[in-house]
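Residue numbers for the sequence shown follow my numbering, so the first one is 27 and each next one is one higher.
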Amino acid sequence: MPITDWPPGERPRERLILQGAGVLSDAELLAILLRTGTAGRSAIDLARDMLSHFVSLGGLLHAPVNELLEQPGLGPAKLAQLAAAAEIGRRCLAERVSQANALSHPDAVRDYLRLSYGFSVRETFVAVYLSAQNRVLAVEELSRGTLTEVRVYTRELIKSALRHNAASVILAHNHPSGETEPSRADRDLTVTLSKALSLVDIRLVDHLVVTTTCCTSFAERGWL
Numbered sequence: 027m028p029i030t031d032w033p034p035g036e037r038p039r040e041r042l043i044l045q046g047a048g049v050l051s052d053a054e055l056l057a058i059l060l061r062t063g064t065a066g067r068s069a070i071d072l073a074r075d076m077l078s079h080f081v082s083l084g085g086l087l088h089a090p091v092n093e094l095l096e097q098p099g100l101g102p103a104k105l106a107q108l109a110a111a112a113e114i115g116r117r118c119l120a121e122r123v124s125q126a127n128a129l130s131h132p133d134a135v136r137d138y139l140r141l142s143y144g145f146s147v148r149e150t151f152v153a154v155y156l157s158a159q160n161r162v163l164a165v166e167e168l169s170r171g172t173l174t175e176v177r178v179y180t181r182e183l184i185k186s187a188l189r190h191n192a193a194s195v196i197l198a199h200n201h202p203s204g205e206t207e208p209s210r211a212d213r214d215l216t217v218t219l220s221k222a223l224s225l226v227d228i229r230l231v232d233h234l235v236v237t238t239t240c241c242t243s244f245a246e247r248g249w250l
């Protein structure tokens, strides 16, 4: 049954307006973005199917375009709406990061990195450059790798940090496997990069391993 045939008090859009977005399920919020269903399938039905296939909202919003377009009822227009919603969320977090003291409010940086890179199917190595006041100057991808590894070049990190006039750096990379425990190679690389940065008076304040659900901090482990 189309959502337009539902009682007004049960329709997701009307419920959102009257009661607020917080009362809606993930499927209902997604249905509002999809707007319409297909023959015999409401937008809610499509939303539930997609959430089942991609496991979560995050998995859906970060899925490859070709995989999304394979979903019944999801064409270019709906795909654009989903991509816009995901980008709005990312930019809101980016604003929060740019306005916060990265060391006094580390959750802002971690949430941004987790949302931006935690769902990536390839390992991505990222640098967050900080000013002397611990404000975020820039966030840059240094390299992208495979499902299990990524190469990082010390010279490129130092060159980029100096270009941004950074006083300190937070490094981060994702584990597509979902494993949050840093590897021995991760720890060895961190020591190498920390020593290299110190030669140009730039401090490595943390290295974060991010996944879809959490974030592991080298600093909190006492490894920096």
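Glycine residues also receive a C-beta, built at the ideal position from the N, C-alpha and C atoms.
Nothing here was measured: the structure is a model prediction, and the numbers come from that model.
Measure the C-alpha to C-alpha separation of L119 and V226 and round it to an integer number of angstroms. The count along the sequence shown starts at 1 and reaches residue 119 at position 93. The count along the sequence shown starts at 1 and reaches residue 226 at position 200. Going by the C-alpha atoms only, they are around 30 Å apart.
Based on Cα-Cα distance, which residue from L95, R210 and L223 lies nearest to L183? In the sequence shown, counting from the first residue as 1, residue 183 sits at position 157. For the residues L95, R210 and L223, the minimum Cα distance to L183 belongs to L223.
Who does S194 pair with in a DSSP beta bridge? Here residue 194 refers to the residue found at position 168 of the sequence shown. Bridge partners of S194: L156 and R229.
Tell me which same chain residues have a C-beta within less than 6 Å of the C-beta of H233, skipping the five on either side of it? To locate residue 233, count along the sequence shown from 1; it is residue 207. L197, T216 and F244, listed in sequence order.
May I have the straight-line CA-CA distance separating R148 from R170, to the nearest angstrom? If you number the sequence shown from 1, residue 148 lands on position 122. If you number the sequence shown from 1, residue 170 lands on position 144. Straight-line Cα distance between these residues: approximately 7 Å.
Applying the 10 Å Cβ sphere with the 16-neighbour rule, what's the burial state of G35? As a first step, residue 35 is located in the sequence shown; it is residue number 9 there, counting from the start. That one is exposed.
Taking 7 Å as the cut-off, does the CB of D71 come closer than this to any heavy atom belonging to the ligand FMN? Absence of the ligand FMN is noted for the structure shown, with no ligands found whatsoever.
Mapping the DSSP letters down to three states, classify C241 as helix, strand or coil. Walking along the sequence shown from the start, residue 241 turns up at place 215. Strand at C241.
Would you kindly work out how many angstroms separate the C-alpha atoms of G99 and T238, rounded to a whole number? Translated into the one-based positions of the sequence shown, residue 99 becomes position 73. Translated into the one-based positions of the sequence shown, residue 238 becomes position 212. The straight-line gap from Cα to Cα measures roughly 26 Å.
For T206, which of G46, S194 and T242 has the nearest alpha-carbon? Indexing the sequence shown from 1 puts residue 206 at position 180. The shortest Cα separation from T206 among G46, S194 and T242 belongs to T242.
For S124, the nearest candidate out of R181, N160, A47 and L83 (CA to CA): Here the question's residue 124 lines up with position 98 in the sequence shown. Nearest option by C-alpha distance: N160.
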